[in-house]
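Here the structure is laid out as structure tokens; the discussion comes afterwards.
Residue numbers (the numbering used here): 1301 to 2208.
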């Protein structure tokens, strides 16, 4: 049976060619639509998101080889697919190029009137990929009809541009907004055209809604000179403008506002939640009629899955009365994990981006005879006699060759347009200091008066550049330099040549990789000419010298090898994930701050997915897929700390059966963390119910684990081992299945649709046999099963308590726990005082000495009590308490353990 004509409101779509086709009515109800996203069943990694649905194919529409199908030739492998469900609020959907809404600009402020522009949206990402900048709201046409435009740029910044004459524009760019991918927020810009000090001021803000409250983004931009805005006749618009070449689309918009004056009179205000679903226009509160263009639509649908369908298996009944296609879609990680080709070294990946005229990485295997060039038209470099692939210690490179006695090198440089400067750069490693100045390269150039140039290296780190006449009879030392002995380390040398009037300026920069360099400069009368060839002929003096990544640029000042030479060592995990995704053209948003992530070691050649997982492992964060786009999100470890609940679930809203599990699946109490290629640290939990102690002594025995992480320093290994042991000894239940029937609890739909992997879910009102009445969990997997008139969501959750970390100065999270305390005497279920003995460490603070630190909560025997006062400077101390704070009140025996209900946990 297929879905009826009036289903719950979900939409399943396939992008066939360039068009999204609604296939909801084709889906069989016997096999419900199901989407799953999140961690693997064992919680050890993120699985690709999945989609399963069965399509009616009795007419052969979804048979790729059926020539009578309207989709013939267009149902290919990795057909994009998405599933959307109805949210609780109408919004303006702006998916696709040219999607926009426009209204008359009549009555909008212009000239010398201050401007206040606000817009509220939920974009796919607040940090678009490079080249995917997006217009948000504008009064902007083709010159000379330009007024102003607010846009969202890459790296999560805003740009506000305005014109005073309709043609020329002023552009101001904000600092990073710091908003999470898919986060609903409002942004605002104000333009004070005359700030009273002979200048103008532009200020950016962000907030939760059009009404604020507003937080300033960065500081105001103050410029000299007053200004004005041109009264363009272009319409007021939101979304993609056809005459601006930006390709980004902001996705979901909720409202917009333009005011005359900063915080002044509202000139235009639209609330898309009041629009009619499916309408093609909407009249706002100021009487403006907004008209939709392109693929813009008023809708309530919210994507819960975006992926690809890789295969189209046809199935049919033997009778021929029924035929169907079981569709299995998967998120982008499935395709990314299919390829096993490792990414090239960071130098090999980075250098071509600066458009060298010639480049030879020299990363060939040990049986190579020549080095290829990734630059089109650049012939291979030949180097007979070198020892290929024998130097493998430079973090930013795959193995390179070393020079042997009698080896030679020869490379031709393709012809390139004439220029007045050029730059040669390469990396090298000298095993021992040479005893003589010896040429490492000789350059054939069109330079006058020295068409040949010899670059030499000598003892004590000496560098010399010698000019040689065409016949080789005349020479001149053009430059002498020296950094001091540099044997035993990798270095980079940059030779720069620049025409300056009648003089040729020459400069040599030597940079110990990972350190600070030194430069030497000189000049001579002459004319710059192009480099035509590079050669070398070597004796035993330079034997053992490694060379590679020889690149030539037709300009100077190129710094493309910076950081890539050491493999971006000490780059943060968040920054690396963003950089890798941008380099590979994969959309990735960051949930959290890159600066709050772990420092990583060098990036070595691996697949993109492996490198991204390496970032997550080093930081302790989560790599996940987007539910609304073919892209990824990296969630930082710090973003998991001290969260407020995204979803609060009363026990009565949970469908049967809620079955928490207490097992040893995640127990790790003896953890060794090693830095790749470096030292290690070990953490052993020796006390507590999940410690390494045998069960008869109150523990569970040894559960050991060893992990190798790409960390920047050995000093990071021990804290990471301790953190992993902390996560592995959480004495709480996990919740492998929390079911919610959203069709019975529509009040939960908005919060459920906001859920992301790692968000906090709070269960309340739990019965006594579960344990605590309230428990905080992190969602690790989200499964949707929408049916006609029914919609079930299943969550897989783990305890969130390990991520309640200390906050300095906080009266709850900033309080240090006792080293050891227990009841000194039995207490009844109604006792309002406790006698507490301190068994280790310092006594508890007293209310007479620290009155501001009271009250606070402690726990004993599963009961939480509030301590209102403590007296006594030595053990035992008397606690005045309020009982049954968590609904439990019972008698306790002497020697019952007593400690803070929320002890401070030191964050990693």
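A virtual CB, placed ideally from N, CA and C, is assigned to each residue, including glycine.
Computed from a predicted model, the values in this text were never measured in an experiment.
How about residue 1648 and residue 1727: are their beta carbons less than 7 Å apart? As a position in the chain shown, residue 1648 is number 348, starting the count at 1. As a position in the chain shown, residue 1727 is number 427, starting the count at 1. For residue 1648 and residue 1727, no; Cβs fall outside 7 Å.
Taking only runs of the beta strand (DSSP E) that begin and end inside the region 1552-1586, which ones reach a length of at least 3 residues, in chain order? 1565-1571 and 1581-1583
For residue 2190, which of helix, strand or coil comes out of DSSP? Translated into positions along the chain shown, residue 2190 becomes position 890. Looking at residue 2190 - three-state DSSP - the assignment turns out to be coil, as it is neither helix nor strand.
Can you give me the Cβ contacts of residue 1682 inside the same chain, cut-off strictly under 6 Å, excluding the 5 residues immediately before and after it? Mapped onto the chain shown, residue 1682 falls at position 382. Cβ neighbours of residue 1682 beyond the five flanking positions: 1670 and 1710.
Is it the case that the CB of residue 1451 approaches a heavy atom of the ligand PLP more closely than 6 Å? Ligands are entirely absent from the displayed structure, and the ligand PLP is therefore not among its contents.
Taking DSSP as the reference, what is the three-state secondary structure of residue 2178? The residue labelled residue 2178 in the question sits at position 878 within the chain shown. Residue state, collapsed to three classes: strand.
Leaving out the 5 sequence neighbours to the left and right, which residues in its chain are closer than 6 Å to residue 1547 when beta-carbon positions are compared? Here residue 1547 refers to the residue found at position 247 of the chain shown. 1432.
Taking DSSP's pairing of strands, which residues face residue 1723 in a bridge? Position 423 of the chain shown, counting from 1, holds the residue named residue 1723. DSSP output for residue 1723 lists 1796 and 1853 as bridge partner(s).
By the 10 Å Cβ neighbour count, where 16 or more other Cβ atoms means buried, how is residue 2020 classified, buried or exposed? Against the chain shown, residue 2020 aligns to sequence position 720. The residue is buried, with at least 16 neighbouring Cβ atoms inside 10 Å.
What's the C-alpha gap between residue 1626 and residue 1608? Residue mapping note: residue 1626 aligns to position 326 of the chain shown, counting from 1. Residue mapping note: residue 1608 aligns to position 308 of the chain shown, counting from 1. Cα to Cα, the separation comes out at about 14 Å.
Simplified DSSP assignment, three categories, for residue 1759: Taking the chain shown and counting its residues from 1, one reaches residue 1759 at position 459. Three-state DSSP puts residue 1759 in a helix.
Between which two residues does the beta strand (DSSP E) containing residue 1348 stretch? For the purposes of this step, residue 1348 is identified with residue 48 of the chain shown, where counting begins at 1. Note, residue 1348: beta strand (DSSP E), 1346-1356.
First through last residue of the beta strand (DSSP E) which encompasses residue 1456: In the chain shown, counting from the first residue as 1, residue 1456 sits at position 156. No beta strand (DSSP E) contains residue 1456, which DSSP labels as neither H nor E.
Give the DSSP-derived three-state secondary structure of residue 2039 in the structure shown. By 1-based counting over the chain shown, the position of residue 2039 is 739. Residue state, collapsed to three classes: strand.
Could you tell me which residues DSSP puts in a beta bridge with residue 1486? As a first step, residue 1486 is located in the chain shown; it is residue number 186 there, counting from the start. Residue 1486 is bridged to 1420 and 1507.
C-beta contact flag for residue 1383 and residue 1605 at 7 Å: Locating residue 1383 in the chain shown gives position 83, where the first residue counts as 1. Locating residue 1605 in the chain shown gives position 305, where the first residue counts as 1. Going by C-beta atoms, residue 1383 is nearer than 7 Å to residue 1605.
Does the distance from the CB of residue 2058 to the CB of residue 2078 come in under 7 Å? What you label residue 2058 is simply residue 758 of the chain shown in a count that begins at 1. What you label residue 2078 is simply residue 778 of the chain shown in a count that begins at 1. Closer than 7 Å, so yes.
Report the start-end ranges of each beta strand (DSSP E) in the region 1847-1906 that is 3 residues or longer and not cut off at the edges. 1887-1891
Count the other CB atoms, across all protein chains shown, that sit within 10 Å of the CB of residue 2121; report buried if there are 16 or more and exposed otherwise. Against the chain shown, residue 2121 aligns to sequence position 821. With 16 or more Cβ atoms within 10 Å of its Cβ, residue 2121 is classed as buried.
Terminal residues of the continuous alpha helix (DSSP H) containing residue 1918? Your numbering for residue 1918 matches position 618 in the chain shown. Start and end: 1908-1919.
Quick check on the burial criterion: 16 or more other C-beta atoms within 10 angstroms. Buried or exposed for residue 1436? Here residue 1436 is taken as the residue at index 136 of the chain shown, counted from 1. Classification of residue 1436: buried, given that the 10 Å Cβ count is 16 or more.
Local conformation of residue 1750 per DSSP, three classes: To locate residue 1750, count along the chain shown from 1; it is residue 450. Coil at residue 1750, not helix or strand.
For residue 1537 versus residue 1400, is the C-beta distance shorter than 7 Å? As a working mapping, residue 1537 is identified with position 237 in the chain shown. As a working mapping, residue 1400 is identified with position 100 in the chain shown. Yes, these two residues count as a Cβ contact at 7 Å.
Leaving out five residues on either side along the sequence, give the residues of the same chain with a beta carbon under 6 Å from the beta carbon of residue 1630. Here the question's residue 1630 lines up with position 330 in the chain shown. Same-chain partners within the cutoff: 1348, 1350 and 1607.
Pull the bridge partners of residue 1614 from the DSSP assignment, please. Numbered from its first residue, the chain shown carries residue 1614 at position 314. Answer is none; residue 1614 lacks a bridge partner.
Distance, Cα to Cα, residue 1263 vs residue 1395? Residue numbering for the chain in the displayed model covers 1301 to 2208; residue 1263 lies beyond these limits and cannot be assessed.
Between the C-alpha atoms of residue 1556 and residue 1451, what's the straight-line distance to the nearest angstrom? Here the question's residue 1556 lines up with position 256 in the chain shown. Here the question's residue 1451 lines up with position 151 in the chain shown. The alpha-carbon atoms of residue 1556 and residue 1451 are separated by roughly 14 Å.
Any idea if residue 1409 is buried or exposed, counting beta-carbon neighbours within 10 angstroms, 16 or more meaning buried? Translated into positions along the chain shown, residue 1409 becomes position 109. Classification of residue 1409: buried, given that the 10 Å Cβ count is 16 or more.
How long is the line joining the alpha carbons of residue 1906 and residue 1916, rounded to whole angstroms? The residue given as residue 1906 occupies position 606 in the chain shown. The residue given as residue 1916 occupies position 616 in the chain shown. Cα-Cα distance, rounded: 15 Å.
Endpoints, the alpha helix (DSSP H) within which residue 1637 is located: Walking along the chain shown from the start, residue 1637 turns up at place 337. Run containing residue 1637: 1632-1638, per the alpha helix (DSSP H) assignment.
Using the C-alpha atoms, what's the distance from residue 1910 back to residue 1581? Here residue 1581 corresponds to residue number 281 of the chain shown, with the count starting at 1. Here residue 1910 corresponds to residue number 610 of the chain shown, with the count starting at 1. Roughly 47 Å separates the two Cα atoms.
Whether residue 1427 touches residue 1461 by CB criterion (7 Å): Here the question's residue 1427 lines up with position 127 in the chain shown. Here the question's residue 1461 lines up with position 161 in the chain shown. No, these two residues do not count as a Cβ contact at 7 Å.
In chain order, what residues of the same chain lie with their CB nearer than 6 Å to the CB of residue 2169, ignoring the 5 residues before and after it? Locating residue 2169 in the chain shown gives position 869, counting from the first residue. Cβ within range, chain order: 2147 and 2180.
For a test of the three-state rule: what should DSSP assign to residue 1691, helix, strand or coil? Along the chain shown, read from residue 1 onward, the residue named residue 1691 stands at position 391. Strand.
Expected contact under 8 Å - CB spacing of residue 1799 and residue 1779 to nearest Å: Residue mapping note: residue 1799 aligns to position 499 of the chain shown, counting from 1. Residue mapping note: residue 1779 aligns to position 479 of the chain shown, counting from 1. With a Cβ gap of about 16 Å, residue 1799 and residue 1779 do not count as contacting.
Mind checking who residue 2086 pairs with in its DSSP beta bridge? Taking the first residue of the chain shown as 1, we reach residue 2086 at position 786. According to DSSP, residue 2086 bridges with 2091.
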